[in-house]
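Trainee: Pasting a structure here, questions to come.
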Amino acid sequence: MTSRSAHFEAARLAFDGGDYTGSLTHLQRLLAGGNVDEPAAALLGSTLLHIGLKQDAAEFFEMAAGLDEAAAFRNHRDAALAYLEVGDSDKALLNAMKGLRLKDDAYDLIFIIITILRPSRDELVDRLKFKLAESDEVKHLDLALELIDIDRHDPRSLALLRKVRKHRPDDPAIRNSVLTLASEFCDFDVFDEEEERLPLQEWMSADLLAHETPHDNLRWCGDEKANILARNSDTIVLGAAKSVDARRARPHKWKKKIRVGYLSGDLFPTHATMRLFSDVLRQHDKDDFEVTLFCHTPARLTATPAIQEARATWGEIVDLNKLNDIESANAIRGRDIDIIVDLKGHTANSRITLLNRGLAPVQVTWLGFPGSVAHVDLDYVIGDATVLPDSSKPFYHEKFCRLPDSYQPNDPLTRALPPAAKRADLDLPEEAFIFASFNSPAKISRRTAALWARILNETPGSVLWFMCHSAATEMNIRRYFDAAGIGQDRLVTATAARYEEHIARLQAADLGLDTFPCNGHTTTSDKLWAGLPVLTVKGSNFASRVSESLLRAIGLPELVADSDDQYVALAADLWRNRERIDGLRQTLVDNRFVAPLFDSERFCRHLENAYRMMADRARSGLAPDHFDVPAMPGRTAPFLARG
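Set out below in structure tokens:
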């Protein structure tokens, strides 16, 4: 053994034995001879690191990286880590980048690069954050979670959250995020895993639900008591709804006309809310009502001349986009509004917390959120006797204002009514019985999927046609039905389409199937408008009773099953008796312009009577109370002549 080899071996043995001073002594003797090789430089770097001389260690690691290509990755990594510890970000970044070129799944190096570049918002951070999420190390996953704005349409988000869940088993916020994304992708296996960890009934605790958004909670939970416990939302500030006494005591000048203000961020023609509501605005009696729309719709959604022209028919619009909450509240109060109606509730981009500042003598929630808007100063929720039965009163702080037909308005003037699309153009089998659901996949709960599987197994040769937004969602749904014995050729997916095309394609199906516990809302009325019968089940909260409300308003209460078993039996019976489907279709056509569901003028008169009843109580100094709006006589002739 040469003297050089002897010094290196002695240094290595000393290092392995924890004698770093001895290791350094031998390495210094070796270095005195010059011509340092990679093993010596790397060992010297490790020795200096243990002694605490991190800057020197980093330099030797960097030297070692250039001495042997086979060991370059390891040495660049060690140099990057050491440079980062001494605060030399430039050299740490340089070595990390060189190391990453040699090994693209080097999560330690990705972590270093992101840590250094994150403050400058470098685009490389966006490219690397999901790569970091592939790591199993807790600090890497935590950083990835901070960086990733959870995209509900990206399955990588769910994969990341499931990893984080393993490391944070007691974190209810992570748990609820996992469940939310699992519902987006119809990943029922995740729900099974979560129920094994915690039985379903134990999910209903206030501590767990406090970390869930009200809107997400409605997708899986039909329990009204539990619905109001979900409060992880920007629209909720606990204790903020204490303005009610001061608001009602504030002096107010009533006039002959009732001044109604609508607050929304969805005031553009193609939004589902406005497909329902726009004709009510046009129908408002201008002699008795003064209507103002307080708009926080993003400007990019209202910029075109066509949209501006449509908005001009709705009434005066006050733009709140550039106003903060205090300025917005003052702008609304400055209009002396008698009744303020929020159309968003606990949904994305809502500004309903403005109502906690006391905007009007009467404050109302309607249309945007199917349930109690907890923790907001509200006098009334507008509904009907189906979605808001007496049994629901204990679970609402709002008083019930129940309209006589359905809570949901529908615009019959601007809604497309094209001829039916051909099945051949939709990749649908010509002779098969087509069950259809165009509800969001996030509403396809395990219960819903199980019911659909039962229906398909009882109706040989039938096809399920369903909306799907992503390959991951489709894969999960197909896997579920495959396990249930349903052939892949009996599943047909659809993607988003222009509204007119959507109404045309709906007519190619035989029977619409609803989802539970969150029904189709606008999607159900779209089907009924298109002449497609929809089958549903009686629900247990507002969101699960919507389709029943709509079916009753169009004259088809027989399509509301009393139980899951009856839902399956009715679907199978209609499959066997297609002439019944023909009769149901004809009822929809006959009732389209006679029954209340699409009669926006009738709806508007009922709504205005509701506002009169609210205003009369407030004028008289009476506190809000539950009331039902009396029904006008039914139509005996069509309210609209349209083909």
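229 is the number of the first residue of the sequence shown in our numbering; add one for each residue after it.
C-beta atoms are modelled at their ideal positions from N, C-alpha and C, and glycine is treated no differently.
#1: Whose C-beta lies closer than 6 Å to the C-beta of His254 among residues of the same chain, with five residues either side of it excluded?
#2: With a cut-off of 8 Å, does the C-beta of His480 fall near any C-beta of chain C?
#3: Figure out for me which residue from Glu729, Ile731, Trp693 and Gln735 has the closest Cα to the Cα of Val720.
#4: By Cβ distance below 7 Å, which residues in the same chain neighbour Ala534 in space, the five residues on each side in sequence not counted?
#5: Once the 5 residues before and after Ala681 are set aside, which same chain residues still bring their CB inside 7 Å of it?
#6: Can you name, in chain order, every residue of its own chain whose Cβ lies under 6 Å from the Cβ of Ala664, other than the five neighbours on each side?
#7: Would you report the Cα separation of Leu784 and Ala823, rounded to the nearest angstrom?
#8: Assign Leu741 to one of three DSSP states: helix, strand, or coil.
#9: Using only the alpha-carbon positions, how far apart do Glu423 and Leu587 sit?
#10: Could you tell me whether the stretch 256–268 touches the stretch 290–306, where touching means 3 or more Cβ pairs closer than 8 Å?
#11: Going by Cα to Cα distance, which pick from Pro589, Ala438, Ala361 and Ser461 is closest to Pro479?
#12: Evaluate Ala477 with the Cβ neighbour count: other Cβ atoms within 10 Å of its Cβ, from every protein chain shown; 16 or more gives buried, anything less gives exposed.
#13: Determine the closest residue to Asp547 out of Phe288, Ser317, His499 and Thr525, with distance taken between C-alpha atoms.
#14: In whole angstroms, give me the CA-to-CA distance for Leu656 and Ser690.
#15: Skipping 5 residues on each side, what residues in its chain have a beta carbon closer than 7 Å to that of Ser187?
#16: I need the DSSP call for Leu719, collapsed to helix, strand or coil.
#17: Could you give the DSSP three-state label for Asp695: helix, strand or coil?
#18: Once the 5 residues before and after Leu734 are set aside, which same chain residues still bring their CB inside 6 Å of it?
#19: Measure the alpha-carbon distance for Pro646 versus Glu728 and round it to whole angstroms.
#20: Along the chain, where does the beta strand (DSSP E) that runs through Phe522 open and close?
#21: Hey, out of Phe413, Ser772 and Gly294, whose CA is closest to Ser668's CA?
#22: Quick check: what's the CA-CA separation for Ala678 versus Phe416?
#23: Counting only the same chain and skipping the five closest in sequence on each side, list residues whose C-beta sits under 8 Å from that of Ser768.
#24: Out of curiosity, what's the CA-to-CA distance linking Leu352 and Glu365?
#25: Can you tell me which of Pro497, Ala789, Arg870 and Gly262 puts its alpha carbon nearest to the alpha carbon of Pro640?
#26: Based on DSSP bridge pairs, tell me the residues matched to Thr175.
#27: Output needed for Val406: all residues of its chain with C-beta closer than 8 Å, excluding positions within five of it in sequence on either side, in chain order.
#28: Decide if the stretch 516–523 is in contact with the stretch 545–560; the criterion is three or more beta carbon pairs, one per stretch, under 8 Å apart.
#29: How would you label Val817, buried or exposed, when you count the other beta carbons within 10 angstroms and need 16 or more for buried?
#30: Decide if Gln636 is buried, meaning its Cβ has at least 16 other Cβ atoms within 10 Å, or exposed.
#31: Just mark Ile554 as buried or exposed, buried being the case when its beta carbon has 16 or more other beta carbons within 10 Å.
#32: Leaving out five residues before and five after Lys331 in sequence, what residues of the same chain have Cβ atoms less than 7 Å from its Cβ?
#33: Hey, could you find the ends of the alpha helix (DSSP H) Ser492 is sitting in?
#34: In three-state DSSP terms, what is Gly611?
#35: Which full runs of the alpha helix (DSSP H) of 4+ residues lie inside the stretch 354–390, going along the chain?
#36: Does the distance from the C-beta atom of Lys671 to that of Arg503 stay below 8 Å?
Mentor: For this structure:
#1: His235, Ala238 and Ala239
#2: The displayed structure is made up of one protein chain only, and chain C is not part of it.
#3: Trp693
#4: none
#5: Phe709, Ala712 and Ile714
#6: Trp693, Ala737 and Gly740
#7: 10 Å
#8: strand
#9: 43 Å
#10: yes
#11: Pro589
#12: exposed
#13: Thr525
#14: 11 Å
#15: Absent from the model: residue 187. The displayed extent of the chain is 229 to 871, so no value can be given.
#16: strand
#17: First, the residue type needs correcting, since residue 695 is Met and not Asp in the sequence shown. In this structure, Met695 counts as strand in the three-state DSSP scheme.
#18: Lys755, Ala758 and Leu760
#19: 7 Å
#20: Phe517 to Cys523
#21: Phe413
#22: 11 Å
#23: Gly450, Asp451, Glu452 and Pro745
#24: 21 Å
#25: Arg870
#26: Because the chain spans 229 through 871 in this model, residue 175 falls outside it and cannot be assessed.
#27: Leu386, Leu389, Arg390, Arg393, Val418 and Glu422
#28: yes
#29: exposed
#30: buried
#31: exposed
#32: Phe301
#33: First-last for Ser492: Ile486 to Ser492, but that is the beta strand (DSSP E), not the alpha helix (DSSP H).
#34: strand
#35: 366–375
#36: no
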